[in-house]
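Student:
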Amino acid sequence: MDFPKMIKVNQKLSELSVGDIPSEIRKQLLSIRIDQKVKSGESVAITVGSRGIRNIDVITKAVVAYLHELGVRPFVVPAMGSHGGATANGQKDVLAHYGVTEETVGAPVKATMEVLEIGKTEDNITVYMDMYAAKADHVLVMNRVKPHTDFNGDIESGLHKIMAIGLGKHKGAQYYHQAAVTHGLDRIIYTVGQTMLMEGNILCGLGIVENGHDETAILKGMLPEQFEESEKTLLKQSKKMFAALPFDDIDVLIIDQIGKNISGTGMDTNVVGRLMSIYSPDPELPRIKRIVVSDLTPETYGNALGIGAADFCNSRIIDKLDKKAMYTNAITGLCPEKARLPMAFSSDKEMLEAALKTIGFIAPEQAKVVHIKTTLYLEYLELSTAFEEEIRKRDDLIIIRGPEDIQFDTNDNFVFITGNQILI
48 MDFPKMIKVN QKLSELSVGD IPSEIRKQLL SIRIDQKVKS GESVAITVGS
98 RGIRNIDVIT KAVVAYLHEL GVRPFVVPAM GSHGGATANG QKDVLAHYGV
148 TEETVGAPVK ATMEVLEIGK TEDNITVYMD MYAAKADHVL VMNRVKPHTD
198 FNGDIESGLH KIMAIGLGKH KGAQYYHQAA VTHGLDRIIY TVGQTMLMEG
248 NILCGLGIVE NGHDETAILK GMLPEQFEES EKTLLKQSKK MFAALPFDDI
298 DVLIIDQIGK NISGTGMDTN VVGRLMSIYS PDPELPRIKR IVVSDLTPET
348 YGNALGIGAA DFCNSRIIDK LDKKAMYTNA ITGLCPEKAR LPMAFSSDKE
398 MLEAALKTIG FIAPEQAKVV HIKTTLYLEY LELSTAFEEE IRKRDDLIII
448 RGPEDIQFDT NDNFVFITGN QILI
């Protein structure tokens, strides 16, 4: 089969970033005067989730350092629902993989799957909270704010979500997703979060926004009464910087890797346009006929949740599967569709051939093909020559080289995209 020629491009994305992260965190926490709300010797739980947040180790260490200055006793709690195989040690291991350990951040990591009931929402939904966090004198809620992969709203993935799904642990996450079938996931996340703010021991929040380069762009400290409006503002800022595919009509999307460190759904559903959710319908754009996936990220530990959104995959993904972790995650999140396995092939070349045979009356060499590393890294990508005329009209797409043949390694697998060069 004749494959299309590819053009390597640099997609221009938002350049806003935080230069000195520890200094900015200190500035933000000073601005909300939490020193007036704590007493020496009190304990403060810090939420750290399972997503691949850039600089999460540096951010956590800086938060811990400031809290130590106040004379309190900070510790980290893994706030990640059912991830890490829904076990305390598994969740602790996830944080360690991101560089968050007692040795690196200067505070203990206390992991448990036990929760305590702290109240009920106005819809009579029980609110659960991580036992260590609930028993602490205070909780500092920290998370990245970004579009959610299952719904659209004023508040999506961020501080309210990590309070509900993260601090709710496996029991809470499973319960809230069940409740969301009736009430909607957006309402559940909001009302559970609001109940925690009213009934719990929340000291303050630290919102994190990343730019399209996956860099820390904004850090925002907030008091409990500021959570709602601050998170709404941060979400708007996040959406402005959100990296998307440069074109809406695509015949085949090639994704080098998916994983939980990239998105809760392995590949960001907002990027590929396949929500596969019982909460919300799929968006109209982008329109992608076929999605093919080459591999899993090492950081996902075999949890391939989201592979169900692909039409074809490399069989090495099947070989690496941790079905227990994936199934637990899928059942907890009420998304068994995302754990379905697509057709698998022994090489990426075979996989691509199969995909190109299923796009209709379009010659393979004329197909609109987009090749990305992950849905989180869209600064550098490859576009087939079917896009060339449109590429040359765009100021935000800079041609690096090409057209050239699709690059395969000696095993007929894709040469992954890395930076402004293509490396295996």
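The opening position of the sequence shown corresponds to residue 48 in this note's numbering, with each subsequent residue numbered one higher. Beta carbons are placed, not taken as given, at the ideal position from N, Cα and C, and that holds for glycine.
Start and end of the beta strand (DSSP E) containing ASN57?
Tutor: Note, ASN57: beta strand (DSSP E), 53 to 58.
Student: In the DSSP assignment, what are the bridge partners of HIS195?
Tutor: HIS195 is not bridged to any residue.
Student: So, is ASP197 buried or exposed, given that buried needs 16 or more other C-beta atoms within 10 angstroms?
Tutor: buried
Student: Let's test the definition: count the other Cβ atoms within 10 Å of the Cβ of PHE408 and tell me whether it reaches 16, buried, or not, exposed.
Tutor: Exposed: under 16 other Cβ atoms inside 10 Å.
Student: I think PRO125 touches GLY132, with their Cβ atoms under 8 Å apart; what is that distance to the nearest whole Å?
Tutor: In fact, because the Cβ distance is near 12 Å, the residues do not count as touching under 8 Å.
Student: Using a 10 Å radius around the Cβ and a threshold of 16 neighbouring Cβ atoms, would you call ASN171 buried or exposed?
Tutor: exposed
Student: Let me know the secondary structure DSSP gives PHE294 once reduced to three states.
Tutor: coil
Student: Between the C-alpha atoms of LEU63 and GLU203, what's the straight-line distance to the nearest angstrom?
Tutor: 22 Å
Student: According to DSSP, is LYS84 helix, strand or coil?
Tutor: coil
Student: Less than 7 Å between C-beta atoms, sequence neighbours within five positions excluded: which residues of the same chain meet that for ASP104?
Tutor: Non-local C-beta neighbours of ASP104 in its own chain, meaning closer than 7 Å and more than five positions away in sequence, comprise TYR145, GLY146, VAL147, THR151, VAL152, ordered along the chain.
Student: So what does DSSP say about MET373, is it helix, strand or coil?
Tutor: Helix.
Student: Give the range of the alpha helix (DSSP H) segment to which HIS230 is assigned.
Tutor: 216 to 230
Student: For ALA372 and GLU437, what's the separation of their Cα atoms in angstroms?
Tutor: 42 Å
Student: Using C-beta distances below 8 Å, list every residue in its chain close to THR379, excluding the 5 sequence neighbours before and after it, in chain order.
Tutor: GLY128, SER129, ALA133, HIS217, ALA220, GLN221, HIS224
Student: Could you check if GLY118 is buried or exposed, using at least 16 other CB atoms within 10 Å of its CB as the buried criterion?
Tutor: GLY118 is exposed by the Cβ-count criterion.
Student: Going along the chain, which residues of its own chain have a beta-carbon closer than 8 Å to the beta-carbon of ARG101, five neighbours each way excluded?
Tutor: Only GLU257, ASP261, GLU262, THR263 meet the Cβ criterion.
Student: Would LEU206 and VAL188 be called neighbours here (beta carbons separated by less than 7 Å)?
Tutor: With contacts defined by Cβ atoms closer than 7 Å, LEU206 and VAL188 form a contacting pair.
Student: Based on Cα-Cα distance, which residue from ARG439, ASP233, SER431 lies nearest to GLU451?
Tutor: SER431
Student: Would ALA410 be called buried (16 or more neighbouring beta carbons within 10 Å of its own) or exposed?
Tutor: exposed
Student: In the DSSP assignment, find the beta strand (DSSP E) that holds ASP358 and state where it starts and stops.
Tutor: Neither: ASP358 is in no beta strand (DSSP E) and is coded neither H nor E.
Student: In this structure, does DSSP put GLU451 in helix, strand or coil?
Tutor: strand
Student: Whose C-alpha, out of GLY254, GLY215, PHE359, LEU266, is nearest the C-alpha of THR242?
Tutor: GLY215
Student: What is the C-beta distance between VAL95 and ARG120, in whole angstroms, given that I count them as a contact (C-beta under 8 Å)?
Tutor: At roughly 17 Å, the Cβ-Cβ gap does not stay under 8 Å, so VAL95 and ARG120 are not in contact.
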